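Reading through the structure tokens given below for one structure.
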Amino acid sequence: MSEGNHQVRSPCVVYLGSDTGLPHRVRPLLAPHGIGLYALDDAAELDAVPPEGGAWPDLWVLLLDAGLVRPDQTIQELFATLSVQTHAAPRLAVIAPNRSIATRLQAMRAGADAYFVAPVGSSELAERLIALCHPKTGKAPRVLVVEDDPAQAAIAERILASAGCETRTLTEALGIMEALEEFHPDLVVMDLHMPGASGAELAAIIREHDAFGVMPILFLSAELDPEKQVEALSMGGDAFIPKPIRPELLARLVMQRVAAARALHRRLGSTEHTDPASGLSTRRHFLSCVDRSIAEPDIQEPGNGVLVITLDGASRISEAAGTGGADLVRNRIGKLIRDRLTRGDQAACLGEGCHAVLARRPGLDALEAFAEGLRAAVAATPLTVGGKSLGVSVSIGIGFFRPAADDAITMISRAEKACAAAMAAGGNRVSAPRPFVPGPEDTAYEQRIATLIDQALAGDGFRLFYQPMVAVQPQGLQCVEVMLRLADRDSELIPPQEFLPVAARSGRMLDVDRWLMLQALAVLKAQAQAQPGLRFFVFQTLASLASHGWILWLRDQLVTNDLIARRPILELHLPDVLEHMRRATVLFGMLRKLGVRVCLADVGDSPAAYDTVAELRPPLVKLAPTVVHTLTTERLNWLVQRLRRSEAEVIATGVDSPTLVGPVWASGVSFVQGTFIQAPQTEPVFDFSEVAVG
894 MSEGNHQVRS PCVVYLGSDT GLPHRVRPLL APHGIGLYAL DDAAELDAVP
944 PEGGAWPDLW VLLLDAGLVR PDQTIQELFA TLSVQTHAAP RLAVIAPNRS
994 IATRLQAMRA GADAYFVAPV GSSELAERLI ALCHPKTGKA PRVLVVEDDP
1044 AQAAIAERIL ASAGCETRTL TEALGIMEAL EEFHPDLVVM DLHMPGASGA
1094 ELAAIIREHD AFGVMPILFL SAELDPEKQV EALSMGGDAF IPKPIRPELL
1144 ARLVMQRVAA ARALHRRLGS TEHTDPASGL STRRHFLSCV DRSIAEPDIQ
1194 EPGNGVLVIT LDGASRISEA AGTGGADLVR NRIGKLIRDR LTRGDQAACL
1244 GEGCHAVLAR RPGLDALEAF AEGLRAAVAA TPLTVGGKSL GVSVSIGIGF
1294 FRPAADDAIT MISRAEKACA AAMAAGGNRV SAPRPFVPGP EDTAYEQRIA
1344 TLIDQALAGD GFRLFYQPMV AVQPQGLQCV EVMLRLADRD SELIPPQEFL
1394 PVAARSGRML DVDRWLMLQA LAVLKAQAQA QPGLRFFVFQ TLASLASHGW
1444 ILWLRDQLVT NDLIARRPIL ELHLPDVLEH MRRATVLFGM LRKLGVRVCL
1494 ADVGDSPAAY DTVAELRPPL VKLAPTVVHT LTTERLNWLV QRLRRSEAEV
1544 IATGVDSPTL VGPVWASGVS FVQGTFIQAP QTEPVFDFSE VAVG
């Protein structure tokens, strides 16, 4: 054991893994909370903790590096062995070396309380470990009760106090803002009908303030009129609790909503944009910045781009210097990057031995000079580990914003392709291939894309990504959009707006749609046991749905895959539907009979959109990203309520900035989606408990 024979204090964390730098980064963050961290290189050393004569603490956490699990062993089997060995069952936290879904399932089946994918930020790791070691030390929920009837207020206050809440009662409705600013509650329980101002009016006023934009508001009322209830909720409320008050219902709903709101703040904390271990942006914040930059009017200027910086010979350095040496190299490269950033730049560590920079320079020459200067600085700075001097170099690839990219995934893939070319040429160089921009009559480019589509349908040229839609109100379903990309040579990803029109013109759209549906159903089936609430949104074109036999084909696929109870949600784009409205009306009816739900996507603020939703009455409506970015808060609220009149659940997409979260969350939408909430990833495994909030 690397810590020596010191008495283990309660609680503690035992790290079983090979990252020698992790204990040094995390231990100082745990110590102020009375938590010790003990590092082991091998499971056999576990019997040295606690030392002879000591006793295991009542609560301790095993932080397990999944990379140590043998090929013939599962995490569950190893954890069971260790629990028996210690005679005191720990809580389990797992760090996985990659995003493998098999590893995630093993951790889930072992009952892991926390799961991370390396590299993980020290503050994020420490925060979860502290919560696991001190599960009962969180602040009591603070609830403000606004009720003009003193007797009713006293009843609600007693119920909440007995549930462990810290409460404050306000009987004068017009004092609401002063009470909020003084008490800072986690949640408000408010009567709907009060003298001076109704609860609905007060909710609308509360939502105008950013500090309380996503704070849950529950209405206490004997109001039975559904229209009045909906009107009150549309002004900013979250739910109704009927009078007379049922103690169990009030306590359960308050505790659930407070926990969900706190999960949102943990997930979207306004200051959590920087990884304290590297001083660079977090991966999520970086991808969010890239996504937002794509919409900038001058972003396609040649001086703007995304750099991917990859360490040459990472495995050789790890072998020569160990994991600690690899950490030193990564930190050294991170510092060199940080020192060269200018205003408007963003940088992040994407993974082991890989960084990325969003850079803006006056022109192409300046951008290439920035990359070359960074490469030269790394090469000129040898690293000394254990008395050995190691030569270090990096390969750098530049991805350009032209032709237009639709998301951060596309930009990263362009830079990765350029970086792979630099590495293939021997490394320690910069690759900045000039972007190819096809003209409107470029038949050669069209033919090349058509050929790639044919190859993808016959082999492995398509790539799937997954992005969750976070429920504003907690629910059992876990909704995830399946996103399709076409891989070019060297794995550069081509966005849908480039290859889907080519597929349609070449008569391959039906084949593409069927390929996507079959792959989505296969993944959905594979996830049936691990994620029973998972639901996929799968894009399809109206022409495919209307083709001969498609409806029966889908039904047969659902039966064959035993997915009748887990039908996918078909995502159709509004322009496609508007072009074939008569056909869409018939198909919507057929799908409804089949029990398949439809989501109408790309819905904007226009009479055509309102009328189409009112006529077809799709169960789900997805707003176009431009709606979230351009509409005022008042207009967004109005639009959401207009669409909800047709009994549709509304999904807000394009949430790529923290400033958008509050207004969107309070607008009445049912789901929120965007890079700032969760970036797309290659596996459909998400911790919805961390993001599903109310």
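First residue of the sequence shown: 894, per my numbering; consecutive thereafter.
C-beta: ideal position from N, C-alpha, C; glycine also.
These numbers come from a predicted model, not from an experiment.
Per DSSP, the unbroken beta strand (DSSP E) holding residue 1466 starts and ends at 1462-1466. Every alpha helix (DSSP H) of 4 residues or more that sits fully in the region 1369-1446 is shown, in chain order, as 1389-1398, 1402-1419, 1435-1439. In this structure, the alpha-carbon of residue 934 lies about 20 Å from that of residue 923.
Fewer than three pairs of CB atoms, one per stretch, sit closer than 8 Å, so the region 999-1010 makes no contact with the region 1043-1056. With contacts defined by Cβ atoms closer than 9 Å, residue 1549 and residue 1184 form a contacting pair. Spatial neighbours of residue 1236 in its own chain (CB-CB distance under 7 Å, excluding positions within 5 residues in sequence) are not present. Annotated three-state conformation of residue 1546 is coil, per DSSP. For the 9 Å CB-CB criterion, residue 1390 and residue 1294 do not form a contact. Straight-line measurement puts the Cα of residue 1179 at about 22 Å from the Cα of residue 989. Annotation: the continuous alpha helix (DSSP H) that includes residue 1316 extends over 1301-1317.
Straight through space, the alpha carbons of residue 1151 and residue 1444 are spaced by roughly 43 Å. Between residue 1439 and the set 1460, 1484, 1426, the nearest pair of CA atoms involves 1484. Here residue 1527 is exposed, its C-beta having fewer than 16 other C-beta atoms within 10 Å.
Contiguous alpha helix (DSSP H) elements confined to the region 1080-1115 occur at 1092-1100, taking only those with 4 or more residues. In the displayed model, residue 1539 falls within coil according to three-state DSSP, outside both helix and strand. Boundaries of the beta strand (DSSP E) harbouring residue 1062: 1059-1063, taken from the DSSP string. Residue environment for residue 1495: buried (at least 16 other C-beta atoms within 10 angstroms of its C-beta). Straight through space, the alpha carbons of residue 910 and residue 928 are spaced by roughly 18 Å. For the pair residue 1226 and residue 1204, the CB atoms are nearer than the 9 Å cut-off. DSSP places residue 1348 in no beta strand (DSSP E) but in the uninterrupted alpha helix (DSSP H) bounded by 1336-1351.
Residue pairing by DSSP places residue 1241 opposite 1174, 1249 in a beta bridge.
DSSP, reduced to helix, strand and coil, places residue 1361 within a strand of the structure shown. The DSSP-derived three-state label of residue 1135 is strand.
Taking each of 1250, 1074, 1090, 1132 in turn and checking the Cα distance to residue 1105, the smallest one comes out for 1074. A distance below 7 Å between beta-carbons, with the five flanking residues on each side excluded, links residue 1064 to the following residues of its chain, in chain order: 1040, 1041, 1043, 1046.
Spatial neighbours of residue 1561 in its own chain (CB-CB distance under 8 Å, excluding positions within 5 residues in sequence) are listed in chain order as 1126, 1127, 1530, 1533, 1534, 1537, 1543.
As the crow flies, the alpha-carbon of residue 1490 is around 8 Å from that of residue 1513. Counting every other CB atom within 10 Å of its CB across the protein chains shown gives residue 1558 a total of 16 or more, marking it as buried.
Around residue 1416, the same chain offers 1577 as residues with beta carbons nearer than 7 Å, after the five sequence neighbours per side are excluded. Of 969, 1038, 1134, 1079, the smallest CA-CA separation from residue 1068 is found for 1038. In this structure the region 1348-1366 does not lie against the region 1265-1272, because fewer than three pairs of beta carbons, one per stretch, are closer than 8 Å.
Between the alpha carbons of residue 1324 and residue 1312 lies a distance of about 6 Å.
Residue burial annotation: residue 1266 is exposed, with fewer than 16 other C-beta atoms found within 10 angstroms of its C-beta. Taking 8 Å as the upper bound for CB-CB distance, residue 1379 and residue 1392 are in contact here, some 5 Å apart. In the structure shown, residue 1504 adopts helical secondary structure according to DSSP, grouped into three states.
Going by beta carbons, residue 1434 and residue 1404 fall outside the 9 Å limit.
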